[in-house]
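Enquirer: For the record, the sequence lines run as chains Y and C. All residue numbers for the first sequence refer to the working numbering, where the first residue is 11 and numbers rise by one. All residue numbers for the second sequence refer to the working numbering, where the first residue is 11 and numbers rise by one. Every residue gets a Cβ at the ideal spot worked out from N, C-alpha and C, and that includes glycine. Computed from a predicted model, the values in this text were never measured in an experiment. Got a structure here, written out as structure tokens. Questions coming.
Protein chains: 2
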Amino acid sequence: MKFGKPKKKINTFYPPQRTLMGPGPSEIHPRVFSAMGRPTIGYLDPVFVEMMDELKELLRYAFQTNNAMTFPVSGPGSAGMEMCFVNMVSPGEKVIVCRNGVFGGRMLENVERCGGIPIIVDDTWGQPIDVDKVEDAFKANKDVKVLAFVHAETSTGVASDAKNLAKVAKKHNAFTIMDAVTSLAGIPVLIDEWAVDACYSGSQKCLSCTPGLSPITFSDELIEKLHEKPNKNKSQSWFLDLDLLTGYWGDTNRTYHHTAPTNSLYSLHEALLMLQEEGLENSWFRHRRNHQALKAGLEALGLNFIVDKPHRLPQMNAVSVMPGVNEADVRKRLLAEYNIEIGAGLGDLAGQIWRFGIMGYSCKMENVMLALCALETVFSDMGVNVEVGTAEAAAYKAYASHPSNLKIEAVA
Amino acid sequence: MKFGKPKKKINTFYPPQRTLMGPGPSEIHPRVFSAMGRPTIGYLDPVFVEMMDELKELLRYAFQTNNAMTFPVSGPGSAGMEMCFVNMVSPGEKVIVCRNGVFGGRMLENVERCGGIPIIVDDTWGQPIDVDKVEDAFKANKDVKVLAFVHAETSTGVASDAKNLAKVAKKHNAFTIMDAVTSLAGIPVLIDEWAVDACYSGSQKCLSCTPGLSPITFSDELIEKLHEKPNKNKSQSWFLDLDLLTGYWGDTNRTYHHTAPTNSLYSLHEALLMLQEEGLENSWFRHRRNHQALKAGLEALGLNFIVDKPHRLPQMNAVSVMPGVNEADVRKRLLAEYNIEIGAGLGDLAGQIWRFGIMGYSCKMENVMLALCALETVFSDMGVNVEVGTAEAAAYKAYASHPSNLKIEAVA
């Protein structure tokens, strides 16, 4: 080894140009890439500090909140998730965790590792969280401190009723931790209106930014109450300590905490600027519209959604694999022959479903039509009975019946 | 707020082009920026998985190790630090923490938050860690599990004797956690030869990559012993759990853990490839050579190093502010008039020192000469007595007497 070179000759890495229609990352607009490649500057540079303030303001718009502590955590969504739990859950405190997919299970892991006492409300994967069951869990358990739930389950494509879940928590004097990794910018996320106390998301889904950042927001009231907590201990995480990060991202000062991921933050700034230019409502509408077309096409190919209609996420479409078809082969061929990535099932749903993500910049007509055409071709090659052109026709009809005139401004 | 736009008009962010000579981030080579802007692909894409394997191999070269678990943590150096502590320190276990600067203090914070019992070995800031005092601490305390120390203290510019510190730990059957954030690629870091058990670094220092990643390595023996630990609990962090990350970055399988920061990893791959092309020894030599020139120039300007000669880090040069000079004014003028960032003092050294970082791509003749010329001009403008041209002449002499013929291959 002494100063030796690696055995294998390693060259510059040139990734292929994929059409990303999986569970994320989603595709990235050239403007966002361009921002990412701008010169790195110091994290205490006055120009950088100004950019940080703008980032907070742009994130407040995305989250529809006035919360002071709204900023991107310097790590992926799971770091954002952990930041909520390590600052809000003390050992011995009760937390109701709703679990209707992979990411609810991850929340449970977080509660346990913080020494919290989890009260699990299970729902079938693919079903939304049952608000009544959550209400019952509150009634059956005194002194619950936190309700934790996933707004948009990436593993199944189901949306839960965030507004009423937050309401139940408030009624029982508990704080809410909401996972909005897949929902933010794809469907309404109204932090202030719903009175959600803590919420985290990811940069690589409907925001269409480079993966590795976790936008997060904490209500002013939550922060105040956390400070007033008797016998308050330091958070078990130094990296994710809310007090220290308030010193770094807060309004009054900039105390060095860690070296910010400069270039990723540039790209998030640009992605959020594009969201502001498009307008949140237009972004929600774009996701709905492309979903209608994709759905029409997939159903025309004989594929059935695993989530019932009113609870379907437009940005994450999970359909059952038809009997006799090798799930993995289809994905492999889409990737190898058409450069299209779609998602597989996770956990209990492995091998059972495909997941078609249309998030952020991946949510556009060309991707929908390409996916349908490629899927039809692959099915046909594999001997699955498909009627040529029906998927495309169905998608076209859906586009035609959902005109884009709600779109107020176009994205460049 | 309802879907409202931010009050302030926000535009695309164009950072200025700075000469980065602070404590990091350092400047980034165009090849590395170019890699960062390549198309994002999925984290389970077979092409991406291959790139991950290459990254591990390139990092093994940088760390001079054969350790299987050598990979970049998806967060800054402080996440890498925390990953070591949350996986290696159980509540009630004794940890010797060496503290001779800011980052030793941060290690102490980590021990406390893991429920460990810290035994602090303090040394004066600017002095290396006293190996004899560490030996005494082991003798005075039975059953110490871990020795934690910083190899290269960024806050003062001092190098400690990592080889002998690791030796003392081994002798007393303790594991070693070493902070190599500022040392890696700037001075020798020989993980296997020194038998260091766990070591983390940062992407944004002598590797000259975008900030936000923490290269890390764990010895095979350490991982085995952690598995054999009686009453082994889950790590208190889900995001930084070594077992889960072994499933993600390990050799045998790729179990989804989090969405990797794709584009930052591309840039690290390219930065490490450039390090391999240059050769570690050449990189160390380049840092020493430019340090000799910078030092000669700074001393010609009447500035004194706070670290004694044999312990000075070439890549981080801390000098005392001369009496009567406003420390912050000098930094502000260098930034405003010459686009040069240099570092201030941290903690007890705030207002007392300047820190000149020449790390990675920032470590080059043009930066050294620019910094000296700009500093001389600023001093002169501020009425500090300087003899025109002496700094540049001294630097030139140092370059001439340290010829670059040790450089075997040039970086493109």
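Take A72(C) as the anchor and find which of L290(C), S213(C) and V191(C) has the nearest alpha-carbon.
Expert: Taking only the C-alpha atoms, the option nearest A72(C) is L290(C).
Enquirer: Are the beta-carbon atoms of S7(Y) and A270(Y) separated by less than 8 Å?
Expert: Any question about residue 7(Y) goes unanswered here, given that chain Y covers just 11 to 422.
Enquirer: Say whether chain Y places a C-beta atom closer than 8 Å to the C-beta of I51(C).
Expert: Output row for I51(C): interface = yes.
Enquirer: Are the CB atoms of R341(C) and A354(C) within a distance shorter than 8 Å?
Expert: Yes, they are a contact pair.
Enquirer: Any heavy atom of the ligand FAD closer than 7 Å to the Cβ of V206(Y)?
Expert: The model on display carries no ligand, and the ligand FAD is accordingly not part of it.
Enquirer: Are the C-beta atoms of Y210(Y) and some chain C residue less than 8 Å apart?
Expert: Cβ-Cβ to chain C under 8 Å: no for Y210(Y).
Enquirer: Since K155(Y) is in the beta strand (DSSP E), which residue starts that stretch and which ends it?
Expert: V154 to V160 is the extent of the beta strand (DSSP E) around K155(Y).
Enquirer: Please decide whether D253(Y) counts as near chain C, where near means a Cβ-Cβ distance under 8 Å.
Expert: Not closer than 8 Å to any Cβ of chain C, the Cβ of D253(Y) fails to qualify, so no.
Enquirer: Return the chain-ordered list of same chain residues with a C-beta closer than 6 Å to the C-beta of A45(C), the five sequence neighbours on each side being excluded.
Expert: Closer than 6 Å at Cβ, skipping near neighbours: Y276, S277 and E280.
Enquirer: Can you grab the Cα-Cα spacing for the pair P86(Y) / A403(C), in whole Å?
Expert: Each residue's Cα considered, the two are about 49 Å apart.
Enquirer: Taking only beta-carbon positions, decide if V421(Y) is within less than 8 Å of chain C.
Expert: With a pLDDT of 35 at V421(Y), under the threshold of 50, the modelled position of this residue cannot be trusted, and the question is left open.
Enquirer: Pop quiz: H301(Y) and I368(Y) are said to be a contact at Cβ under 8 Å. What is the actual Cβ separation, rounded to whole angstroms?
Expert: Indeed they touch by this definition, with Cβ atoms about 7 Å apart.
Enquirer: Grab me the residues of G111(C)'s own chain with a C-beta within less than 6 Å of its C-beta, minus the 5 sequence neighbours each way, in chain order.
Expert: Answer for G111(C): W135, E163, S165 and T166, listed in chain order.
Enquirer: Bridge partners for E163(Y) per DSSP, in chain order?
Expert: Note: E163(Y) sits in a beta bridge opposite V168(Y).
Enquirer: Given a cut-off of 8 Å on the beta-carbon distance, is the pair L69(Y) and F81(Y) in contact?
Expert: Taking 8 Å as the Cβ cut-off, L69(Y) and F81(Y) qualify as a contacting pair.
Enquirer: On a Cα-Cα basis, can you pick out the residue from I51(C), R116(C) and P49(C) that is closest to L356(C)?
Expert: Of the listed residues, the one whose Cα sits closest to L356(C) is R116(C).
Enquirer: Hey, is G85(C)'s beta-carbon within less than 8 Å of any beta-carbon in chain Y?
Expert: It does: the Cβ of G85(C) has a partner Cβ on chain Y nearer than 8 Å.
Enquirer: List the residues that DSSP assigns as beta-bridge partners of P82(Y).
Expert: For P82(Y), which the question treats as bridged, DSSP gives the partners P225(Y).
Enquirer: When you compare only the Cα positions, how much space is there between A158(Y) and V105(Y)?
Expert: A158(Y) and V105(Y): Cα-Cα distance of roughly 7 Å.
Enquirer: Tell me the residue span of the beta strand (DSSP E) that contains E288(Y).
Expert: Where E288(Y) is concerned, there is no enclosing beta strand (DSSP E), although the alpha helix (DSSP H) it sits in stretches over T272 to E288.
Enquirer: Taking 8 Å as the threshold, find out whether the stretch 369-382 of chain C comes into contact with the stretch 300-319 of chain C through three or more Cβ pairs.
Expert: Yes: at least three Cβ pairs fall under 8 Å.
Enquirer: Name the DSSP beta bridge partners of E351(C), please?
Expert: DSSP output for E351(C) lists L30(C) as bridge partner(s).
Enquirer: Which residues, in chain order, does the stretch 120-144 of chain Y contribute to contact with chain C at a C-beta distance below 8 Å?
Expert: Result list: N120, E122, R123 and C124.
Enquirer: Q214(C) touches chain Y at which residues, Cβ-Cβ below 7 Å?
Expert: Within 7 Å Cβ-Cβ: T269.
Enquirer: Flag this pair as yes or no: are the beta carbons of F43(C) and G47(Y) separated by less than 8 Å?
Expert: Contact flag set, yes.
Enquirer: Near Y266(C), which residues of its chain fall below 6 Å by C-beta distance, leaving aside the five closest residues on each side in sequence?
Expert: Excluding residues within five positions, none has a Cβ falling inside 6 Å.
Enquirer: Could you please give the first and the last residue of the uninterrupted alpha helix (DSSP H) stretch that includes Y406(C)?
Expert: Segment T400 to S411, the alpha helix (DSSP H) holding Y406(C).
Enquirer: Quick one: what's F366(Y) bridged to in DSSP?
Expert: Per DSSP, N327(Y).
Enquirer: Which residue from S213(Y), N120(Y) and A176(Y) puts its Cα closest to that of T192(Y)?
Expert: For the residues S213(Y), N120(Y) and A176(Y), the minimum Cα distance to T192(Y) belongs to S213(Y).
Enquirer: Quick one: is L325(C) buried, meaning 16 or more other Cβ sit within 10 Å of its Cβ, or exposed?
Expert: It should be pointed out that residue 325(C) corresponds to Gln in this sequence rather than to Leu. So Q325(C) counts as buried.
Enquirer: G32(C) and S218(C) - do their beta-carbons sit closer together than 8 Å?
Expert: Not a contact, by the Cβ cut-off of 8 Å.
Enquirer: Comparing the C-beta of D261(Y) with each C-beta of chain C, is any distance below 8 Å?
Expert: False, the Cβ-Cβ gap to chain C never drops below 8 Å.
Enquirer: Taking a Cβ distance cut-off of 9 Å, strictly less, list which residues of the stretch 343-369 of chain C are near chain Y, in chain order.
Expert: Those would be L345, E351, G353, A354 and L356, in chain order.
Enquirer: Rounded to whole angstroms, what's the CA-CA distance from F249(Y) to H268(Y)? Just pull it up for me.
Expert: Near 8 Å, if we compare the C-alpha coordinates of H268(Y) and F249(Y).
Enquirer: Are at least three pairs of beta-carbons, each pair with one atom in the stretch 384-396 of chain Y and one in the stretch 308-318 of chain Y, less than 8 Å apart?
Expert: As far as the Cβ criterion goes, the stretch 384-396 of chain Y touches the stretch 308-318 of chain Y, which means the pair count is three or higher.
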